[in-house]
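2 protein chains.
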Amino acid sequence: MQESRTFISRDEAQAPFFAGIDLGGTNIKVGVVDDLGRPLSWLKIPTESQRGPDEGARRMAEAVREAARQAGIEYRELVGAGLGSPGTMDIPAGMLLEPHNLPGWYHFPIRERVSQYAELPVTFVNDANAAAYGEFWVGTGRDFHSMVLFTLGTGVGCGVIIGDLLIEGEHSHCAECGHIIVDSSPTARMCGCGQPGHLEAYASATGLIKRAEEALANDTDSVLHAWLAEGRRLTPLLLAEAAQQAQDALALELIFETARWLGIGAVDLAHTIDPDGIVFGGAMTFGGADDALGRAFLDRIRQEFRQRAFPVLAEAIKIDFASLGGDAGYLGAAGIARLAYRRQSDRPPAGAS
Amino acid sequence: MQESRTFISRDEAQAPFFAGIDLGGTNIKVGVVDDLGRPLSWLKIPTESQRGPDEGARRMAEAVREAARQAGIEYRELVGAGLGSPGTMDIPAGMLLEPHNLPGWYHFPIRERVSQYAELPVTFVNDANAAAYGEFWVGTGRDFHSMVLFTLGTGVGCGVIIGDLLIEGEHSHCAECGHIIVDSSPTARMCGCGQPGHLEAYASATGLIKRAEEALANDTDSVLHAWLAEGRRLTPLLLAEAAQQAQDALALELIFETARWLGIGAVDLAHTIDPDGIVFGGAMTFGGADDALGRAFLDRIRQEFRQRAFPVLAEAIKIDFASLGGDAGYLGAAGIARLAYRRQSDRPPAGAS
Numbered sequence: 001m002q003e004s005r006t007f008i009s010r011d012e013a014q015a016p017f018f019a020g021i022d023l024g025g026t027n028i029k030v031g032v033v034d035d036l037g038r039p040l041s042w043l044k045i046p047t048e049s050q051r052g053p054d055e056g057a058r059r060m061a062e063a064v065r066e067a068a069r070q071a072g073i074e075y076r077e078l079v080g081a082g083l084g085s086p087g088t089m090d091i092p093a094g095m096l097l098e099p100h101n102l103p104g105w106y107h108f109p110i111r112e113r114v115s116q117y118a119e120l121p122v123t124f125v126n127d128a129n130a131a132a133y134g135e136f137w138v139g140t141g142r143d144f145h146s147m148v149l150f151t152l153g154t155g156v157g158c159g160v161i162i163g164d165l166l167i168e169g170e171h172s173h174c175a176e177c178g179h180i181i182v183d184s185s186p187t188a189r190m191c192g193c194g195q196p197g198h199l200e201a202y203a204s205a206t207g208l209i210k211r212a213e214e215a216l217a218n219d220t221d222s223v224l225h226a227w228l229a230e231g232r233r234l235t236p237l238l239l240a241e242a243a244q245q246a247q248d249a250l251a252l253e254l255i256f257e258t259a260r261w262l263g264i265g266a267v268d269l270a271h272t273i274d275p276d277g278i279v280f281g282g283a284m285t286f287g288g289a290d291d292a293l294g295r296a297f298l299d300r301i302r303q304e305f306r307q308r309a310f311p312v313l314a315e316a317i318k319i320d321f322a323s324l325g326g327d328a329g330y331l332g333a334a335g336i337a338r339l340a341y342r343r344q345s346d347r348p349p350a351g352a353s
Numbered sequence: 354m355q356e357s358r359t360f361i362s363r364d365e366a367q368a369p370f371f372a373g374i375d376l377g378g379t380n381i382k383v384g385v386v387d388d389l390g391r392p393l394s395w396l397k398i399p400t401e402s403q404r405g406p407d408e409g410a411r412r413m414a415e416a417v418r419e420a421a422r423q424a425g426i427e428y429r430e431l432v433g434a435g436l437g438s439p440g441t442m443d444i445p446a447g448m449l450l451e452p453h454n455l456p457g458w459y460h461f462p463i464r465e466r467v468s469q470y471a472e473l474p475v476t477f478v479n480d481a482n483a484a485a486y487g488e489f490w491v492g493t494g495r496d497f498h499s500m501v502l503f504t505l506g507t508g509v510g511c512g513v514i515i516g517d518l519l520i521e522g523e524h525s526h527c528a529e530c531g532h533i534i535v536d537s538s539p540t541a542r543m544c545g546c547g548q549p550g551h552l553e554a555y556a557s558a559t560g561l562i563k564r565a566e567e568a569l570a571n572d573t574d575s576v577l578h579a580w581l582a583e584g585r586r587l588t589p590l591l592l593a594e595a596a597q598q599a600q601d602a603l604a605l606e607l608i609f610e611t612a613r614w615l616g617i618g619a620v621d622l623a624h625t626i627d628p629d630g631i632v633f634g635g636a637m638t639f640g641g642a643d644d645a646l647g648r649a650f651l652d653r654i655r656q657e658f659r660q661r662a663f664p665v666l667a668e669a670i671k672i673d674f675a676s677l678g679g680d681a682g683y684l685g686a687a688g689i690a691r692l693a694y695r696r697q698s699d700r701p702p703a704g705a706s
């Protein structure tokens, strides 16, 4: 039922400690980290969303206690927990509204409920922002003062950090940069959200597959025709295989086209935020830095970015892969709990004059 | 040589006081405001940039002293000055780099020099950000927690405020939102900055005139043909006159097309920042809220925005005109000086343990 692994020991760790909770439609990941963002323990439990949000909140709190046990710390040494959750949500109210991945967990006061069960102060952010904060705190962005993270998968998620400020938006809709308009032409592709021309309609897995289907209809040379005839499914992974194992020109061009759209999106963020770095993570990074295809993909993003950004920014802004993989979410959630704890500690005690 | 007008009296005003300096290629505006952002005095002197940056800094400092005299305050009651300047610039270093509008004022430590001559701490921001902070502090955005300002003129300027944070960027290039890519097609228009498809290439005065020239080449009905034959110049004002006085369909369509591009730009900012409001100011607002054409222009921006933004944001984010006109710059610069003063005052005195 439960995977787990342990990282640094209690003796190496620096108090205080924070729990990070990464709530997903399939699994919940929970970790305990020290004040420097180093994990002491990590575990994963199935979400079992059909059991409802209150039971979910109870099980998250239980997982936090278990993670504290595995970390070898006293529960009272844990001073806060951070929860990263899929949307839609009302962040200031700590409410889940209508999360797509959690059917039935609607209009639920999840922050308060987890806080009650866990007997801890709980911070609440969206999952893309949690991942962004994770990469900012202890990942690729650890030396940055400000950063944008694009998370590439079925959709295109985004998080924006400026200083120690996680930009959440006034209506819990900040950094939905998958939905910036990159194509305003009458023939623009339709995004999953129902609007035309968004970055996500071009650069997500969904967008890539759509472009691949169309390109295959006008192509006879690609090895993909034969593979699909064998019953294989058209996925980003299949395109990567065709590009790498079969040097398939069409597959490579489709992957590079994705990179060009991301380069355009990165320019828009650079000209709006001017961050230290723009970082790309998620499943659809074609193996990332460990893979020749991933590195070629990143080079194409950089190429488009450098060609189109202001020269100063083309040179100064770092374009790179994320480095924490699936750990970014719980690490970032814990980091946000730490920010709240520090802000709290700076305040005079209640009732002080 | 010098216009000036006075606003609230010393008796009504609330100390401390701040000077705001709006440095432009033609004029320098200087005002003194109280702690609530209400101006006590205001004056304008010609920039006379040919006399060089050091002389400029000296004259700005003199203008601050004169504005303090006109405000009826003791100079020592003035606790800081804010300088808003055209770019390019290095904000942390307080340096002008190569400002287009100030030939010869290159690589000049303007913040320090104005500070020396004025014997005041001086903050330094770019002019678009100063105007944005002015509208945020005491203009259209005074009830907002976060705001985006687009300044429409020869170019498209932008400023982004989140909380009390003016987003300046890591390389002094934040909020160059005139240069987000709104057209990625191969036929995209070239922006003044040399890159294709930027918002500024479509929605600035320059972009509008370019579009008008092209449209007139394919049109025979417009009254503009006759007006241009009479030797009148094709300007945004002439298009406004044709649209209003002559009900010219082509002119109106060109103006509304500008609004549609701005609506697209506003969606990108909404989906990136999720602010309380997105505000449009500057010379190219077609009379603004005081004019039927201005109001129709704003309606078209809103229409495009509401059609393309996430439904929650389409409803929640206010789209409006700026309200401070040419005063936004010096008011905002003074407001930024006030922010710095407050931050400074929160700190323990130097040497305290």
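Residue numbers (our numbering), protein chains in the order written: chain Z, 1 to 353; chain U, 354 to 706.
Ideal Cβ positions, reconstructed from N, Cα and C, are used throughout, including at glycine.
Model, not experiment: these values are computed from the prediction.
The three-state reading of DSSP puts U:G512 in strand, counting E and B together.
For U:I617 against U:E657, the beta-carbon gap comes to about 6 Å, under 8 Å, which counts as contact. Looking at the DSSP output, Z:D248 bridges to nothing.
Of all alpha-carbon atoms in Z:D320, Z:V122, Z:A283, the one lying nearest the alpha-carbon of Z:D299 is that of Z:D320.
Counting C-beta pairs closer than 8 Å gives three or more between the stretch 202-213 of chain Z and the stretch 234-251 of chain Z, which meets the contact rule. The beta carbons of U:L450 and U:S438 sit about 10 Å from each other, so the pair does not count as a contact at 8 Å. Taking C-beta atoms under 8 Å as the contact rule, U:P369 and U:E430 qualify, at a distance of about 7 Å. Fully contained in the stretch 51-134 of chain Z are the following beta strand (DSSP E) runs of length 3 or more, in chain order: 78-85, 122-126. Around the beta carbon of Z:T285, 16 or more other beta carbons sit within 10 angstroms, so the residue counts as buried. The stretch 502-580 of chain U is shown to contain whole alpha helix (DSSP H) runs of 4 or more residues at 553-556, 558-570, in chain order.
For U:N571, the number of other beta carbons within 10 angstroms of its own is below 16, and it is reported as exposed. Taken through DSSP and simplified to helix, strand or coil, U:G373 comes out as strand. The criterion of a C-beta distance shorter than 8 Å is satisfied by U:L561 and U:L607.
Beta-bridge partners assigned by DSSP to U:V383: U:I374, U:L396. Of all residues in the stretch 233-263 of chain Z, none places a beta-carbon less than 7 Å from a beta-carbon of chain U. Taking each of U:G433, U:G545, U:D496, U:S394 in turn and checking the Cα distance to U:F360, the smallest one comes out for U:S394.
Counting along the chain, Z:F297 sits inside no beta strand (DSSP E); it lies in the alpha helix (DSSP H) bounded by residues 292-308.
Contact annotation: Z:F108 and Z:P53 have beta-carbon atoms nearer than 8 Å. DSSP places U:F674 in the strand class (E or B) of the three-state scheme. For Z:I8, no beta strand (DSSP E) run applies, since DSSP gives it neither H nor E.
Counting only the Cα atoms, U:G512 lies some 42 Å from Z:V64. Of all residues in the stretch 373-403 of chain U, none has a C-beta nearer than 7 Å to a C-beta of chain Z. For Z:G153, same chain residues with a beta-carbon under 8 Å away, outside a window of 5 residues either side, are S204, A205, G282, A283, M284 in chain order. By the Cβ-count criterion, U:E427 is exposed, with fewer than 16 other Cβ atoms from all chains shown falling within 10 Å of its own Cβ.
For U:C527, the nearest beta carbon of chain Z is closer than 8 Å to its own beta carbon. The beta-carbon separation of U:L684 and U:V475, rounded to 16 Å, does not stay under the 8 Å limit for a contact. Against chain Z, the beta carbon of U:T638 has no neighbour under 7 Å; the closest one sits roughly 22 Å away. Taking CB atoms only, Z:C191 has no neighbour in chain U less than 8 Å away.
At a Cβ-Cβ threshold of 8 Å, Z:V279 and Z:V156 do not count as neighbours.
With contacts defined by Cβ atoms closer than 8 Å, U:I515 and U:A485 do not form a contacting pair. Taken through DSSP and simplified to helix, strand or coil, Z:G141 comes out as coil.
In this structure, U:H624 sits near Z:E176, with a CB-CB distance shorter than 8 Å.
Using beta-carbon distances, U:R411 does not count as an interface residue toward chain Z, since no partner is under 8 Å. Distances from the CA of U:E553 to each of U:T540, U:P539, U:I533 were compared; the closest alpha carbon is that of U:I533. Residue contact check for Z:T220 against chain U: no CB pair falls below 8 Å. In this chain, the alpha helix (DSSP H) harbouring Z:E315 covers 311-316.
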